[in-house]
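Asker: Mind looking over this structure? Questions follow.
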Amino acid sequence: MEMRPAPFAAEIDLHELFFKLQRRWPLFVGSLLLAGALAWVYLQVKAPVYDFQSTLLIGDQSTGSKQAQELLQLLDSKPKGLKLEDEVGLLTSSGMLRRTLAQLPFTVSYYAEPGSWLNLVRPLQVRERAAGDMPFWVVAVPGRPQITGVPIYVEQLEGGKFRIHADAKRGELRQLATGDLVREVLGVKFDQTVAAGDTLRNPLLTVVIRPEPDQLGGEASGQYFFKLNDLSSLVGDYQSRLKVKPTDHESRILELSVQGTVPAKETQFLNTLMNTYVQDDLTQKNQIGGKTVSFLDNEINKLAESKSKAAQSLSSFRSANSVVDAGAQLGVGIQQQTELNSNRNRLSTNRRYYQNLLSYLKEHRGPGQATALSSAGIDDPATTGLIQQLSDLGSQRASLIVNGTEINPLVVVLDEKISTTKELLIQTLTSLVNSSGSALRDVEQQLGDVRGQLTKMPENERQMNNLQNTSNFNEKNYNYLVEKRNEAAIALATNVTDKKVVDPAKQNGLGPSAPKPLLVALLAVLAGLLLPAGLVLMQDKTNRRVQSKEDLARLTNIPLLGVIPHGTPEDKQTMLHDPRSPIAEAFRSVRVNMQYLAAGLDKRVIGVTSSVPGEGKSFCTVNLAAELAQSGRRVAVLECDMRRPTLAGYFGIDPRAKHGLSTYLAGDSTLDEARSNTSIEGLDVLCCGPLPQNPTRLIESPRLAELMQQLRDEYDYLLVDIPPLGYVSEFLVLLQYLDAKVYVVRQNYTDRALVAQITEMHRDHKVKQLYMLINDVHFSSTYEYRHKANAYKYGV
Numbered sequence: 019m020e021m022r023p024a025p026f027a028a029e030i031d032l033h034e035l036f037f038k039l040q041r042r043w044p045l046f047v048g049s050l051l052l053a054g055a056l057a058w059v060y061l062q063v064k065a066p067v068y069d070f071q072s073t074l075l076i077g078d079q080s081t082g083s084k085q086a087q088e089l090l091q092l093l094d095s096k097p098k099g100l101k102l103e104d105e106v107g108l109l110t111s112s113g114m115l116r117r118t119l120a121q122l123p124f125t126v127s128y129y130a131e132p133g134s135w136l137n138l139v140r141p142l143q144v145r146e147r148a149a150g151d152m153p154f155w156v157v158a159v160p161g162r163p164q165i166t167g168v169p170i171y172v173e174q175l176e177g178g179k180f181r182i183h184a185d186a187k188r189g190e191l192r193q194l195a196t197g198d199l200v201r202e203v204l205g206v207k208f209d210q211t212v213a214a215g216d217t218l219r220n221p222l223l224t225v226v227i228r229p230e231p232d233q234l235g236g237e238a239s240g241q242y243f244f245k246l247n248d249l250s251s252l253v254g255d256y257q258s259r260l261k262v263k264p265t266d267h268e269s270r271i272l273e274l275s276v277q278g279t280v281p282a283k284e285t286q287f288l289n290t291l292m293n294t295y296v297q298d299d300l301t302q303k304n305q306i307g308g309k310t311v312s313f314l315d316n317e318i319n320k321l322a323e324s325k326s327k328a329a330q331s332l333s334s335f336r337s338a339n340s341v342v343d344a345g346a347q348l349g350v351g352i353q354q355q356t357e358l359n360s361n362r363n364r365l366s367t368n369r370r371y372y373q374n375l376l377s378y379l380k381e382h383r384g385p386g387q388a389t390a391l392s393s394a395g396i397d398d399p400a401t402t403g404l405i406q407q408l409s410d411l412g413s414q415r416a417s418l419i420v421n422g423t424e425i426n427p428l429v430v431v432l433d434e435k436i437s438t439t440k441e442l443l444i445q446t447l448t449s450l451v452n453s454s455g456s457a458l459r460d461v462e463q464q465l466g467d468v469r470g471q472l473t474k475m476p477e478n479e480r481q482m483n484n485l486q487n488t489s490n491f492n493e494k495n496y497n498y499l500v501e502k503r504n505e506a507a508i509a510l511a512t513n514v515t516d517k518k519v520v521d522p523a524k525q526n527g528l529g530p531s532a533p534k535p536l537l538v539a540l541l542a543v544l545a546g547l548l549l550p551a552g553l554v555l556m557q558d559k560t561n562r563r564v565q566s567k568e569d570l571a572r573l574t575n576i577p578l579l580g581v582i583p584h585g586t587p588e589d590k591q592t593m594l595h596d597p598r599s600p601i602a603e604a605f606r607s608v609r610v611n612m613q614y615l616a617a618g619l620d621k622r623v624i625g626v627t628s629s630v631p632g633e634g635k636s637f638c639t640v641n642l643a644a645e646l647a648q649s650g651r652r653v654a655v656l657e658c659d660m661r662r663p664t665l666a667g668y669f670g671i672d673p674r675a676k677h678g679l680s681t682y683l684a685g686d687s688t689l690d691e692a693r694s695n696t697s698i699e700g701l702d703v704l705c706c707g708p709l710p711q712n713p714t715r716l717i718e719s720p721r722l723a724e725l726m727q728q729l730r731d732e733y734d735y736l737l738v739d740i741p742p743l744g745y746v747s748e749f750l751v752l753l754q755y756l757d758a759k760v761y762v763v764r765q766n767y768t769d770r771a772l773v774a775q776i777t778e779m780h781r782d783h784k785v786k787q788l789y790m791l792i793n794d795v796h797f798s799s800t801y802e803y804r805h806k807a808n809a810y811k812y813g814v
């Protein structure tokens, strides 16, 4: 017998857990086979995905001749330093991807559908292919709306013809070049035949199909189809798959990576993207250099015209007045006049440039207007700094607009800074206009003084010197601008980008990155083991029946008498026919435990009950009584369960007998008439007899107390088959006659809530001297009991 403590928090018994799982090995085998089959189907259906990578160098500033750089920076509004974040945003922007994909033939995607059983119901095992791997290639006629997102199947017929057919629930008619939606089409269905090289004209499709001689014949089974993709959907697809990041925290090398199922397409995309990015940068630099050369050409043309007019005027004056050279007396005056004229022209040019720049800024006060200004000809450092600051802010704003909108908080902040910088620049230019005007008036006054002195000299000589000075001035400026224009042309011709491709696109690794067969197999094994294990554990946790002795120990602290193993219907009288069977050994163990309990105590009247019918209380009563009788005791069995009596069947007694406990209690029979002998020596039984109409009233009769006392005097043990606990009134009436009570629990039958009910009665001291007995235990289903089963068989 086991005395168990009160219920406690359950601990995990790994041996018991393993045994529970081991019993369900067919479930695990089936789960592993199913998981393996699903993994194999997944590997067949899932297209291999490959990783592709390339690297790109981002320089700090433009390269070329040093003098050319200094000249180009006069009109270059871009900052010298480049932020990697801006370049990453530019590489992944929609505009950059659109320009890249517009150069690639990706508007047509080709697919092969093998003739596999996986494709019998619907196409599952489909592989995208490169255009060069198909027995045909498709050219979409530009300018015509095309159906997109719909599989269009192509079958090669005899005579150089192709059958083109499609059948889909819906599709979208779009312009491929722009992605504009023309209309949504429901029920896309057409079937046409077209000769190779001819144009297929359909309201939904306008394409040209051409055969690929090197790929004619194709696969032995299966079919081919293609899909048309508009540029906008391609941009969205590649924008979601393209990853750009620096190779190192301080490095200016960017790593571009993309995943795809067609190696030829992905490497072509990465290479084209890098080339487009590099070419765009070079184009932008050339545009800036072209602006510089164009500006210098305009200034040179103006000076050439002025130079020609001055030389012609000087020549005409000399011819008309026979003047050869100016006299020495005019040397000092002429030199002063030349210097003053040069200063006046410089001041006049600067003032006119300030006025033009000031007017341009006032007309373009918007944040996105007039941010790229030229600082050529401006000697004031403050003004040059404001122009450079305005250019920097304009470049930052342009970078943010690439991937955002004008309502972006960062753009709004930059707009405020641009407006503030423009107002400061306007104030500075206004001050420069005023100061240059004042300086110009001073020079004009000085020049008037010199001219007054020269009026005293011969008029012809003075005029000739003026013409000569004008001609010399124009010649000097003309030569200077020609020299600068040549330098600008050299800079433009030698201009190269500071961005270059480091590593062209290549595949990472030798095989696909996904799916990984080993990983899929591992996941399949884990799923095949964990899912049934979880199912078994969940079933075990949700099962409200008593499962084992440990389960019972968690529910109650009532002592356990023993465990009765499972038997067949023929084992109902096992003590009568097979006293060496495992069931007989189990009852023998229960008898020993009972004798231990009765040592020194008067516990000879033992009641056997259960929660509900079918738990085996009558079976336990009969076999326990037989074991006591075979051990040399005089034993009587009293069947007080007069609602469903079963004891007569155990002993071969006619269940329709006229006498029994019911007739005795009713006063219709004597004890000898109600009592029956059995084939086991020392074992008598009082069966129910005729079924009474009111069993409770009979049990409450005074004759039962007399019977109990008489049987107690005649026998060593009296075993009472008590009605189930559900009939509470009869159970409580019989408690007064019992020295001990045995509560029978049946494995996988008794509800745990019923055990809680008897436990509560025991805890409240309503039922004393109560013991548990587990019946119908399947030793093969429990970890501990299988060892006991082997013990029961010892010596058999």
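Last residue of the sequence shown: number 814 in the numbering used here, and the count goes up by one each step with no gaps.
Ideal Cβ placement from N, Cα and C applies to all residues, glycine included.
1. Do you know how far the Cα of VAL538 is from the Cα of ALA604?
2. According to DSSP, is SER134 helix, strand or coil?
3. Counting only the same chain and skipping the five closest in sequence on each side, list residues whose C-beta sits under 6 Å from that of GLN71.
4. Can you check whether the C-beta of GLY466 is within less than 8 Å of a C-beta belonging to chain B?
5. So, do the segment 645-658 and the segment 689-707 have three or more beta carbon pairs nearer to each other than 8 Å?
6. Between which two residues does the alpha helix (DSSP H) carrying LYS207 extend?
7. Quick one: using the 10 Å Cβ neighbour count with 16 as the cut-off for buried, is LYS245 buried or exposed?
8. Under 6 Å Cβ to Cβ from GLU173, same chain only, skipping five residues before and after it: list those, please.
9. With a 10 Å radius around its C-beta and 16 neighbouring C-beta atoms as the bar for buried, classify HIS267 as buried or exposed.
10. Give me whichever residues DSSP pairs with HIS183 in a beta bridge.
11. If I'm right that LEU791 touches ILE576 with Cβ under 8 Å, what's the distance once you round it to whole angstroms?
12. Residue ranges of each beta strand (DSSP E) run of no fewer than 3 residues wholly in the segment 229-272, ordered along the chain?
13. Between the alpha carbons of LEU204 and GLY189, how many angstroms are there, rounded?
14. DSSP three-state label for PHE637, please.
15. Where does the unbroken beta strand (DSSP E) through SER154 begin, and where does it stop?
16. Going by C-alpha distance, which of VAL514, LEU579, VAL760 and PHE491 is nearest LEU736?
17. Pick out whichever of LYS261, PHE46, PRO123 and GLY240 has its Cα sitting closest to the Cα of THR110.
18. Starting from THR627 and walking both ways along the beta strand (DSSP E), at which residues does that stretch end?
19. Taking the DSSP output, what are the residues bridged to PRO631?
20. Expressed to the nearest angstrom, what Euclidean distance is found between the alpha-carbon atoms of GLY650 and LEU701?
21. Between the Cα of ASN368 and those of ASP398, ALA723, VAL311 and ILE419, spot the shortest distance and give me the residue it belongs to.
22. Can you tell which of THR301, ASN452, GLN406 and LEU418 has the C-alpha that lies nearest to the C-alpha of TYR371?
23. GLN765 and ASP794 look like a contact to me (Cβ under 8 Å); what is the Cβ gap, rounded to whole Å?
24. In the DSSP assignment, what residue or residues form a beta bridge with ILE227?
25. When you compare each of LEU35, TYR128 and ILE717 to THR279 by their alpha carbons, which one comes out closest?
26. If you measure between the beta carbons of VAL751 and GLU718, is that distance less than 8 Å?
27. Would you be able to state if there are at least three C-beta pairs under 8 Å between the segment 143-161 and the segment 293-307?
28. Between SER454 and the ligand GDP, is there a pair consisting of the residue's CB and a ligand heavy atom that are separated by less than 7 Å?
29. Please classify LEU485: does DSSP put it in a helix, a strand, or coil?
30. Candidates GLN330, VAL59, LEU52 and GLN302: which alpha carbon is nearest TRP135's?
31. In the DSSP assignment, the alpha helix (DSSP H) including ASP731 goes from what residue to what residue?
32. Under a three-way DSSP split, which group does GLU190 fall into?
33. Is it buried or exposed, TYR821, if we count other Cβ atoms within 10 angstroms and call 16 or more buried?
34. Out of PHE154, VAL168 and ARG192, point me to the one whose CA is closest to GLY161's CA.
35. One question on the structure: do ASN319 and ASN487 come within less than 8 Å of each other, judged by their Cβ atoms?
36. Just tell me which of ASN695, LEU252, ALA692 and THR118 has its CA closest to the CA of ASN293.
Answerer: Walking through what the data contain:
1. Looking up residue 604 in the sequence shown gives position 586. Looking up residue 538 in the sequence shown gives position 520. Cα-Cα distance, rounded: 51 Å.
2. For this step, residue 134 is matched to residue 116 along the sequence shown. Note: SER134 maps to coil in three-state DSSP.
3. Taking the sequence shown and counting its residues from 1, one reaches residue 71 at position 53. The residues are SER275 and ASN526.
4. The structure shown has no chain B; it contains just one protein chain.
5. yes
6. Looking up residue 207 in the sequence shown gives position 189. Where LYS207 is concerned, there is no enclosing alpha helix (DSSP H), although the beta strand (DSSP E) it sits in stretches over 199-213.
7. Within the sequence shown, numbered from 1, the residue matching residue 245 stands at position 227. LYS245 comes out buried.
8. Numbered from 1 along the sequence shown, position 155 holds the residue referred to as residue 173. Excluding sequence neighbours, GLU173 sits near ARG181.
9. Taking the sequence shown and counting its residues from 1, one reaches residue 267 at position 249. With fewer than 16 Cβ atoms within 10 Å of its Cβ, HIS267 is classed as exposed.
10. As a working note, residue 183 is residue 165 in the sequence shown. In the DSSP output, where bridge partners are listed per residue, HIS183 has TYR171 and ASP209.
11. Residue 791 sits at position 773 when you count from the first residue of the sequence shown. Residue 576 sits at position 558 when you count from the first residue of the sequence shown. Actually they are not in contact, since the Cβ atoms of LEU791 and ILE576 sit about 10 Å apart, beyond 8 Å.
12. 241-246 and 261-264
13. Counting from one through the sequence shown, the residue named residue 204 turns up at place 186. Counting from one through the sequence shown, the residue named residue 189 turns up at place 171. C-alpha separation (whole angstroms): 6 Å.
14. Stepping through the sequence shown from its first residue, residue 637 is reached at position 619. Here PHE637 sits in helix by DSSP.
15. Reading the sequence shown from its first residue, position 136 is the one you call residue 154. According to the sequence provided, residue 154 is Phe. The question's Ser does not apply to it. Start and end: 154-158.
16. Working through the sequence shown from its first residue, we reach residue 736 at position 718. Comparing Cα positions, the closest option is VAL760.
17. Within the sequence shown, the letter at position 92 stands for residue 110. Ranking the options by Cα distance to THR110, first place goes to LYS261.
18. Sequence index remark: in the sequence shown, residue 627 carries index 609 (1-based). Per DSSP, THR627 belongs to the beta strand (DSSP E) from 623-628.
19. Counting from 1 along the sequence shown, the entry for residue 631 is found at position 613. In the DSSP output, where bridge partners are listed per residue, PRO631 has none listed.
20. Residue 650 sits at position 632 when you count from the first residue of the sequence shown. Residue 701 sits at position 683 when you count from the first residue of the sequence shown. The alpha-carbon atoms of GLY650 and LEU701 are separated by roughly 10 Å.
21. Locating residue 368 in the sequence shown gives position 350, where the first residue counts as 1. The residue with the shortest Cα to Cα distance from ASN368 is ASP398.
22. Residue 371 sits at position 353 when you count from the first residue of the sequence shown. Considering only alpha carbons, the answer is ASN452.
23. Within the sequence shown, residue 765 is the residue found at index 747, counting from 1. Within the sequence shown, residue 794 is the residue found at index 776, counting from 1. With 8 Å as the limit, GLN765 and ASP794 qualify as a contact, their Cβ atoms being about 5 Å apart.
24. The count along the sequence shown starts at 1 and reaches residue 227 at position 209. According to DSSP, which records beta bridges pairwise, ILE227 is partnered with VAL156.
25. Position 261 of the sequence shown, counted from the first residue, corresponds to residue 279. Per the Cα distances, TYR128.
26. Looking up residue 751 in the sequence shown gives position 733. Looking up residue 718 in the sequence shown gives position 700. Result yes, Cβ atoms of VAL751 and GLU718 sit closer than 8 Å.
27. no
28. Absence of the ligand GDP is noted for the structure shown, with no ligands found whatsoever.
29. Position 467 of the sequence shown holds residue 485. DSSP places LEU485 in helix when its eight states are reduced to three.
30. Locating residue 135 in the sequence shown gives position 117, counting from the first residue. When each option's Cα is compared against that of TRP135, the closest is VAL59.
31. Within the sequence shown, residue 731 is the residue found at index 713, counting from 1. Where ASP731 is concerned, the enclosing alpha helix (DSSP H) stretches over 720-732.
32. For the purposes of this step, residue 190 is identified with residue 172 of the sequence shown, where counting begins at 1. Looking at GLU190 - three-state DSSP - the assignment turns out to be strand.
33. Nothing can be reported for residue 821: it is not among the residues displayed for the chain, which extend from 19 to 814.
34. Along the sequence shown, read from residue 1 onward, the residue named residue 161 stands at position 143. Of the candidates PHE154, VAL168 and ARG192, the one whose C-alpha sits nearest the C-alpha of GLY161 is ARG192.
35. Counting from one through the sequence shown, the residue named residue 319 turns up at place 301. Counting from one through the sequence shown, the residue named residue 487 turns up at place 469. The answer is no: Cβ separation not under 8 Å.
36. Numbered from 1 along the sequence shown, position 275 holds the residue referred to as residue 293. Checked all of ASN695, LEU252, ALA692 and THR118; the closest Cα to ASN293 is THR118.
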